[in-house]
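J.: Below you'll find the structure I mean.
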Amino acid sequence: MGTGSGGNLAYSVGHRVTNVRAGLTVLQRVWVRGGRTACPPPQPALTNVLDPLLRICGLILHHPFFGGEERCESEIRHVNDRVFPPAVGDVCWELCLPVGENRDHAYSNPTMGDGLEILGALKWKVMVCGGGGDPMIDMQRNVAKLMKEKGLNVVERFTDGDVHGAELGDPSKSQTLFASLKRFISSTPYRF
């Protein structure tokens with residue numbers, strides 16, 4: 001688990017794969033986790049290559065940064081959000097999306113394209129966490145609902161009123177989140 005940086009996640013997985021190949025360890029139960037950064041689902045070809053080395057069991061989406069061209073109600077409601085206003089999100093997307101693409105790109109809007117079908121084919125268990133005070137909460141809930149409709153095993157953890165990343169600054173909220181994550185991870189059987 002990490003703090004949400006895609007680069008750190010990729011580095012960590014790469015480092016562990018290198019250790020596995022060197023015969024140092026075998027990772028039998030791996031969870032992919034991201035927060036504040038959206039990412040396209042892994043391609044089945046990649047997970048098939050890693051499968052003998054890594055047993056990826058699931059995906060934890062902690063306050064995922066999802067959005068589309070059309071503003072959802074929560075983005076409109078939280079236009080002046082102190083933590084993460086939609087205008088800041090727009091700048092982030094402008095900086096990270098391919099040139100000429102908009103927020104309806106599959107990278108930022110998982111309801112577009114075939115990303116959820118790909119994720120479903122991996123048969124991972126998914127946990128989606130969000131807070132009612134997050135401008136992206138409606139999109140997070142919509143993605144979780146769509147995942148369920150596509151047949152994915154989804155656990156939702158949405159709290160009322162919490163802002164984007166609320167657990168980072170409140171130890172009691174962090175403890176509650178960690179307890180939920182522990183239950184979620186423990187409830188998932190090993191994949192062999």
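In the UniProt record's numbering, the protein residues as written are 1 to 192. Each residue gets a CB set at the ideal place from its N, CA and C atoms; glycine is no exception. Remember, predicted model here, so these are calculated numbers, not experimental data.
(1) Three-state secondary structure (DSSP) at Phe184?
(2) Do the stretch 97-113 and the stretch 165-184 touch if we need at least three Cβ pairs shorter than 8 angstroms?
(3) Looking at His62 and Asp167, is the spacing between their C-beta atoms short of 9 angstroms?
(4) Compute the distance between the beta-carbons of Gly58 and Arg103, then report whether it is under 9 angstroms.
(5) Can you have a look at Ser186 and say buried or exposed, based on whether 16 or more other CB atoms are within 10 angstroms of its CB?
(6) Please determine if the stretch 75-86 and the stretch 126-137 are in contact, where contact requires at least 3 C-beta pairs separated by less than 8 angstroms.
(7) I think Arg152 touches Leu119, with their Cβ atoms under 8 angstroms apart; what is that distance to the nearest whole Å?
(8) What is the C-beta distance between Trp124 and Ile56, in whole angstroms, given that I count them as a contact (C-beta under 8 angstroms)?
(9) Just to confirm before moving on: does the CB-CB distance between Val83 and Gly165 stay below 9 angstroms?
(10) Residues in the same chain with beta-carbon distance under 6 angstroms from Lys150, minus the five sequence neighbours each way, listed in chain order, please.
(11) Of all the options Asn109, Gly100, Met127, which has the alpha carbon lying nearest to the alpha carbon of Phe158?
(12) Round the Cβ separation of Phe65 and Gly100 to the nearest angstrom and send it over; I've been treating them as touching at under 8 angstroms.
(13) Buried or exposed, going by whether 16 or more other CB atoms sit within 10 Å of the CB of Leu95?
(14) Leaving out five residues before and five after Ser74 in sequence, what residues of the same chain have Cβ atoms less than 6 angstroms from its Cβ?
(15) Label Val91 either buried or exposed according to how many other C-beta atoms from any shown protein chain fall within 10 Å of its C-beta, with 16 as the threshold for buried.
(16) State the CB to CB distance for the pair Val154 and Gly131, rounded to an integer number of angstroms; the pair is presumed to be in contact (CB under 8 angstroms).
(17) When burial is assigned at 16 or more other CB atoms within 10 Å of the CB, is Ala144 buried or exposed?
T.: The structure says:
(1) Indexing the sequence shown from 1 puts residue 184 at position 184. Three-state DSSP puts Phe184 in a helix.
(2) no
(3) Position 167 of the sequence shown, counting from 1, holds the residue named residue 167. Position 62 of the sequence shown, counting from 1, holds the residue named residue 62. Rather than Asp, the amino acid found at residue 167 in this sequence is Glu. Against a cut-off of 9 angstroms, the Cβ pair of His62 and Glu167 comes out as a contact.
(4) Along the sequence shown, one-based indexing puts residue 58 at 58. Along the sequence shown, one-based indexing puts residue 103 at 103. No; because the gap between Cβ atoms is not below 9 angstroms, this pair is not in contact.
(5) Mapped onto the sequence shown, residue 186 falls at position 186. Under this definition Ser186 is an exposed residue.
(6) yes
(7) For the purposes of this step, residue 152 is identified with residue 152 of the sequence shown, where counting begins at 1. For the purposes of this step, residue 119 is identified with residue 119 of the sequence shown, where counting begins at 1. It should be noted that the sequence gives Leu, not Arg, for residue 152. Right, their Cβ atoms sit about 6 angstroms apart.
(8) For the purposes of this step, residue 124 is taken as residue 124 along the sequence shown, with counting starting at 1. For the purposes of this step, residue 56 is taken as residue 56 along the sequence shown, with counting starting at 1. So it is a contact: roughly 7 angstroms between Cβ atoms.
(9) Within the sequence shown, numbered from 1, the residue matching residue 83 stands at position 83. Within the sequence shown, numbered from 1, the residue matching residue 165 stands at position 165. Going by C-beta atoms, Val83 is nearer than 9 angstroms to Gly165.
(10) Against the sequence shown, residue 150 aligns to sequence position 150. Leu116, Gly120, listed in sequence order.
(11) Here residue 158 refers to the residue found at position 158 when the sequence shown is read from its first residue. Here the closest residue by C-alpha is Met127.
(12) For the purposes of this step, residue 65 is taken as residue 65 along the sequence shown, with counting starting at 1. For the purposes of this step, residue 100 is taken as residue 100 along the sequence shown, with counting starting at 1. The pair is not a contact, with the Cβ atoms about 20 angstroms apart (cut-off 8 angstroms).
(13) Translated into positions along the sequence shown, residue 95 becomes position 95. Under this definition Leu95 is an exposed residue.
(14) Indexing the sequence shown from 1 puts residue 74 at position 74. Result list for Ser74: Pro135, Ile137, Asp138, in chain order.
(15) In the sequence shown, counting from the first residue as 1, residue 91 sits at position 91. With fewer than 16 Cβ atoms within 10 Å of its Cβ, Val91 is classed as exposed.
(16) As a position in the sequence shown, residue 154 is number 154, starting the count at 1. As a position in the sequence shown, residue 131 is number 131, starting the count at 1. Not a contact, Cβ separation roughly 17 angstroms.
(17) Working through the sequence shown from its first residue, we reach residue 144 at position 144. That one is buried.
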